[in-house]
Amino acid sequence: MAAPAPEKAAAVEEKDEKQVKLTRFEDIRAFYASTKGTKQVKVYMPAEIQSAIKAKAAQQGQSMTEFVLHLILEHALTDREIKDAYDKAMNAK
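Per my numbering, the very first residue in the sequence shown carries number 271; after that it's consecutive.
What follows is the structure in structure tokens.
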């Protein structure tokens with residue numbers, strides 16, 4: 271039997287990736303830091319703060335989304351809160 275075409279193999283790997291529940295916290299954090307499958311939210315802040323965040327993100331070679339998500343994952347949520355959010359999302363599927 272011939273091996274699947276590369277594009278079909280990639281589709282299978284992607285499907286399998288979605289179905290596999292991550293168990294290592296490092297993998298869960300990396301999953302959330304990737305910004306794949308994110309939901310858009312609107313945050314209101316003073317224009318000068320938004321400009322400062324945008325400049326800081328650019329200095330670090332990140333988008334504002336990546337920069338703010340990193341701040342949230344590293345400083346606003348505990349490891350347990352991130353893991354619980356992941357488990358809740360996986361159990362809902």
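For glycine and all other residues, C-beta sits at the position ideal for the given N, C-alpha and C.
{"Item": "Run through DSSP, which three-state label would residue 310 get?", "Value": "coil"}
{"Item": "Measuring straight from C-alpha to C-alpha, what distance separates residue 330 and residue 342?", "Value": "16 angstroms"}
{"Item": "Quick one, which of 307, 309, 334 has its alpha-carbon nearest residue 320's?", "Value": "334"}
{"Item": "Which word fits residue 264, buried or exposed, when buried means at least 16 other C-beta atoms lie within 10 angstroms of its C-beta?", "Value": "No statement about residue 264 is possible, as the shown extent of the chain runs from 271 to 363 and does not include it."}
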